[in-house]
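Undergrad:
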Amino acid sequence: MTKPLRIAVTGLAATYPFGGVFWDYIQYPLGLSRLGFDVLYIEDTGKWCYDPVAGTFVEDGSRNAAYLAEHIATLGEDLTDRWFFRDATEKTYGRHWNQVVDFCNTADLFLHISASCWMRDEYLRAQRVAFIDSDPMYTQASVPDYLAGSIGDAARARVDMMKEHDIFFTFAENIGMRDCRIPVGLFEWIPTRQPIVLDCFRDSAVPVADRRRVLTTVASWEPAEDGPTVEGVAYQGKSVEFERFISLASRSALPLEIAMNGRAPSDRLRAQNWKLADACEVSHNPWVYRDYLAHSFGEFSVAKNAYVASCSGWFSCRTACYLALGVPAVVQDTGFGKVIPTGDGLFAFKTVEEAADAIERLLCDPYKHARSARELAREYFDSGTVLTKLINKAVS
Numbered sequence: 003m004t005k006p007l008r009i010a011v012t013g014l015a016a017t018y019p020f021g022g023v024f025w026d027y028i029q030y031p032l033g034l035s036r037l038g039f040d041v042l043y044i045e046d047t048g049k050w051c052y053d054p055v056a057g058t059f060v061e062d063g064s065r066n067a068a069y070l071a072e073h074i075a076t077l078g079e080d081l082t083d084r085w086f087f088r089d090a091t092e093k094t095y096g097r098h099w100n101q102v103v104d105f106c107n108t109a110d111l112f113l114h115i116s117a118s119c120w121m122r123d124e125y126l127r128a129q130r131v132a133f134i135d136s137d138p139m140y141t142q143a144s145v146p147d148y149l150a151g152s153i154g155d156a157a158r159a160r161v162d163m164m165k166e167h168d169i170f171f172t173f174a175e176n177i178g179m180r181d182c183r184i185p186v187g188l189f190e191w192i193p194t195r196q197p198i199v200l201d202c203f204r205d206s207a208v209p210v211a212d213r214r215r216v217l218t219t220v221a222s223w224e225p226a227e228d229g230p231t232v233e234g235v236a237y238q239g240k241s242v243e244f245e246r247f248i249s250l251a252s253r254s255a256l257p258l259e260i261a262m263n264g265r266a267p268s269d270r271l272r273a274q275n276w277k278l279a280d281a282c283e284v285s286h287n288p289w290v291y292r293d294y295l296a297h298s299f300g301e302f303s304v305a306k307n308a309y310v311a312s313c314s315g316w317f318s319c320r321t322a323c324y325l326a327l328g329v330p331a332v333v334q335d336t337g338f339g340k341v342i343p344t345g346d347g348l349f350a351f352k353t354v355e356e357a358a359d360a361i362e363r364l365l366c367d368p369y370k371h372a373r374s375a376r377e378l379a380r381e382y383f384d385s386g387t388v389l390t391k392l393i394n395k396a397v398s
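For the sequence shown, the numbering used here gives the first residue as 3, with consecutive numbering after it.
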């Protein structure tokens, strides 16, 4: 019998101990384990991790490691003893470091997701090392200057790190298309998307009649990093797109609620009839976060300006979770409609008028759109399908 492939997967589930981040990363090793692969989850950023109790970044990651261990164990036996975490003090948790080294020495594939890992020599010993870009345009922004020889030292180091990989995947599903503005030099990008382990969400779905009659989302007003400037064009984060749609809540057929993190203009949002929730409160663990999504009538959200203006085709990991719960989504158009159908269970908008119309359509037949949302998740985000395609391409 052929031995299963050995695959190491990186992430940030302990470094940022919030529900959405947990699902973003842990569904990779969980989905791969369900497919029968020999999996190890590795979290080794070389950076301080966030402590939500202290409300700041801390060097000691013991509390973060306990969070990771607790919630991985809740998923069952798939990953209980298949994780490793190193904090900024160099203290390690989970698997012993020598076991991690042995695993990587014999690994068929190392999946480096979101530039989340300090790529030590030990990790590069895997037979194949793949980079998965979940933040398109930000990831590729330095490439034109790198090729022109006008790049700064820090940006050059990031590009050189990426060059150590063997194959490159991106959430920019439109990359290489005529209207997509993301640079394609230096790397050959292969489109992929967030894998969803459907039973983790399907079994927690809430009947439509029992949901809150409100559209929700969990978001940061603005990312910590500056928006990229690419070939003279400055791209921005999410706040500039929220500003474009700030009047929507006053004309929406359903209330709009944002569980917001960051320095949002709370008073101005409330004056425009937005409901506000605390992002930490609704996402302090994976199960509270999932419950918040599941009890929503739908999702309403904008995207980062860099995703929208570049026509990237990026699709939110969070929105994929809403769909898996049978919760329809009304989300800003990034060009994803070229690969994922819209109009039933999923609506893409470019203007305030289009967003308001989509909410009306959702309200007219919520049961149909709930069924369609769940079907979209099954057809386009099922971890078995998404990860099988990714692995086949990565090791071929």
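Just so it is clear, CB atoms sit at the ideal spot from N, CA and C, and this is done for glycine as well.
(1) Counting only runs that start and end within the region 314 to 385, where is the beta strand (DSSP E) found for 3 or more residues in a row?
(2) Near residue 63, which residues of its chain fall below 6 Å by C-beta distance, leaving aside the five closest residues on each side in sequence?
(3) Suppose contacts are defined by Cβ-Cβ distances below 8 Å. Is residue 390 in contact with residue 70 by that definition?
(4) What span of residues does the alpha helix (DSSP H) with residue 163 cover, start to end?
(5) Closest to residue 185 by CA distance: which of 133, 218, 144 and 195 is it?
(6) In this structure, what does DSSP give as the bridge partners for residue 286?
(7) Buried or exposed: which applies to residue 79, given that a residue is buried once 16 or more other Cβ atoms fall within 10 Å of its Cβ?
(8) Quick check on residue 352: buried or exposed, where buried means 16 or more other Cβ atoms within 10 Å of its Cβ?
(9) Is there contact here, the region 306 to 324 with the region 174 to 194, by at least three beta-carbon pairs under 8 Å?
(10) Considering only the beta carbon of each residue, do residue 334 and residue 303 sit closer than 8 Å?
(11) How many angstroms separate the CA atom of residue 111 from the CA atom of residue 11?
(12) Check residue 76 in the structure and name its three-state DSSP category.
(13) Should residue 240 be labelled buried (16 or more other beta-carbon atoms within 10 Å of its own) or exposed?
(14) Please tell me whether residue 136 and residue 152 are closer than 8 Å, where the distance is taken between their beta carbons.
(15) For residue 160 and residue 312, I'd like the C-alpha separation in whole angstroms.
(16) Does the region 355 to 366 come within contact of the region 263 to 283, defined as at least 3 CB pairs closer than 8 Å?
(17) From residue 257 to residue 310, what distance separates their C-alpha atoms?
(18) As a quick exercise: from 191, 165, 368 and 24, pick the residue whose alpha carbon is nearest that of residue 171.
(19) Taking the Cβ atom as the reference point for each residue, do residue 264 and residue 223 lie within a distance shorter than 8 Å?
(20) Taking the Cβ atom as the reference point for each residue, do residue 197 and residue 22 lie within a distance shorter than 8 Å?
(21) Which residues in the same chain as residue 206 place their Cβ atom closer than 8 Å to its Cβ, once the five residues preceding and following it in sequence are excluded?
(22) For residue 343, which residues from the same chain have a beta carbon less than 8 Å from its beta carbon, with the 5 sequence-adjacent residues on both sides left out?
(23) In the DSSP assignment, find the unbroken alpha helix (DSSP H) run with residue 241 in it and report its ends.
(24) List the endpoints of the continuous beta strand (DSSP E) containing residue 278.
(25) If I'm right that residue 354 touches residue 247 with Cβ under 8 Å, what's the distance once you round it to whole angstroms?
(26) Taking DSSP as the reference, what is the three-state secondary structure of residue 230?
(27) When burial is assigned at 16 or more other CB atoms within 10 Å of the CB, is residue 29 buried or exposed?
(28) What does the alpha-carbon distance come out to for the pair residue 13 and residue 27?
(29) Can you give the Cα-Cα distance for residue 8 and residue 394, rounded to whole angstroms?
(30) Assuming the contact rule is C-beta atoms closer than 8 Å, residue 261 and residue 279 should be a hit. Round their C-beta distance to whole Å, please.
(31) What separation, rounded to the nearest whole angstrom, lies between the Cα atoms of residue 386 and residue 16?
(32) Measuring straight from C-alpha to C-alpha, what distance separates residue 147 and residue 277?
(33) In whole angstroms, what separates the C-alpha of residue 392 from that of residue 238?
(34) Keeping to the same chain, check which residues put their C-beta closer than 8 Å to that of residue 182; ignore five residues upstream and five downstream.
TA: Quick look at the numbers:
(1) 331 to 334 and 348 to 351
(2) 51 and 89
(3) no
(4) 155 to 165
(5) 144
(6) DSSP lists no partner for residue 286.
(7) exposed
(8) exposed
(9) yes
(10) yes
(11) 9 Å
(12) helix
(13) buried
(14) no
(15) 21 Å
(16) no
(17) 24 Å
(18) 191
(19) yes
(20) no
(21) 292, 293, 296 and 327
(22) 378
(23) 241 to 246
(24) 277 to 280
(25) 6 Å
(26) coil
(27) buried
(28) 5 Å
(29) 13 Å
(30) 4 Å
(31) 24 Å
(32) 42 Å
(33) 29 Å
(34) 174, 176, 312, 313, 314, 315 and 337
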